[in-house]
Structure formats: C-alpha cells, structure tokens
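S.K.:
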Amino acid sequence: MRFIFLVLAAGLSLAAPAAAEPTEAERARLEELRKAADEIDVAAATDENRAGWQRAIDYAKTLYPADHPVVASLESELSLADYFEGDVAGAIARLERLLPLIAAGGAAYEGDVVDSQNALVVMYMKTGRNE
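Each residue of the sequence shown is one higher than the last, beginning at 20 in our numbering.
1. Mind reading off the beta-carbon distance from I59 to E50? Whole number of angstroms is fine, and I expect it under 8 Å.
2. Would you kindly work out how many angstroms separate the C-alpha atoms of E115 and T42, rounded to a whole number?
3. Give the list of continuous alpha helix (DSSP H) stretches no shorter than 4 residues that lie fully inside the region 71-135.
4. Quick one: what does DSSP say R148 is sitting in, helix, strand or coil?
5. Roughly how far, in whole angstroms, is the beta-carbon of P88 from the beta-carbon of I121, given that I think they are within contact range, below 8 Å?
6. CB-CB under 8 Å to A35, same chain, minus the five flanking residues each way: which ones, in chain order?
7. Applying the criterion that 16 or more other CB atoms from any shown protein chain within 10 Å of the CB defines a buried residue, is D131 buried or exposed?
8. Less than 7 Å separating the beta-carbons of V61 and A110?
9. Quick one: using the 10 Å Cβ neighbour count with 16 as the cut-off for buried, is G71 buried or exposed?
10. When we look at the beta-carbon of V90 and count the other beta-carbons within 10 Å, is it buried (16 or more) or exposed?
11. Compare the C-alpha of V133 against each of L118, S98 and Y78 and name the closest.
12. Counting C-beta neighbours from all protein chains within 10 Å, is the total for A79 16 or more, i.e. buried, or is it exposed?
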C-alpha cells in the first residue's frame, strides 16, 4: 500500500504547475493592444481592424490558454471583420463557437456575452434566421 501511495505522490509532483496569472505589465500591454484594435473602424478598414485584433489575440495566447474567456472574447471581435467582408455564415459560426467559452468566465464577462449575443442577433436577421 505504501508503494502505491509513493507512486501516486510522485505522479502528482510531476504534474504541470498551474499557469501563473499575467503580471500587471502584461495585462496593461494586452489592454493597449485591445484599445488599439478597437480604435480601427472595422467597416472602413476591415483588414487593419482584423490585423489589430489578431495581434491582441496572439499576445493573449501567450498569457492564457486558447480556450480562456479573455482569448475567446478577443477572438469574437474578428466576427465583425468576417461580417464586413461578407462572410456572415463564418461570423455566426465563430460567435456560436466562442460564446460558451466567454460565458464560462462568469459575471466578469457578462458584457462580452451580451455584446456577442447582440452581434449574433444582427447577423441572424441578415440571414433571415429567426431563432
């Protein structure tokens, strides 16, 4: 029995450590990237807007797992670029995929959930979808 306990304990110590939270400086940098992307008019400069959000997403993925609500929320912004490029179906698919990840963040992400839901309503109306 003691052998099994030692083996289990050894296995636990080999597990990957929990991911560290981003530092204040890292969060500030991410916020700068987010603000910069948000300032680019998606309707007037779709490619530049997409590139700005992609920079923020790429940086966020160095700080958080790919399925983290922060990353999902940032990626949801690409749905507007999809929409303005005429890929309404792709925009809808992106938001439908990301909404559960954003919502998993709880109350802190309520605003992001509502924003994504509102965008979906507009996109559903564009396609005649009435769900």
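For every residue, glycine included, the Cβ atom is placed at its ideal position computed from N, Cα and C.
M.R.: So, to answer that:
1. About 16 Å separates the two Cβ atoms, so there is no contact after all.
2. 31 Å
3. 88-95, 97-103 and 107-122
4. Collapsing the DSSP output to three states places R148 in coil.
5. 5 Å
6. Here the model assigns A35 a pLDDT of 38, short of 50, so the residue's position is not dependable and the matter cannot be decided.
7. buried
8. If you check the CB distance, V61 and A110 do not come in under 7 Å.
9. buried
10. Under this definition V90 is a buried residue.
11. L118
12. buried
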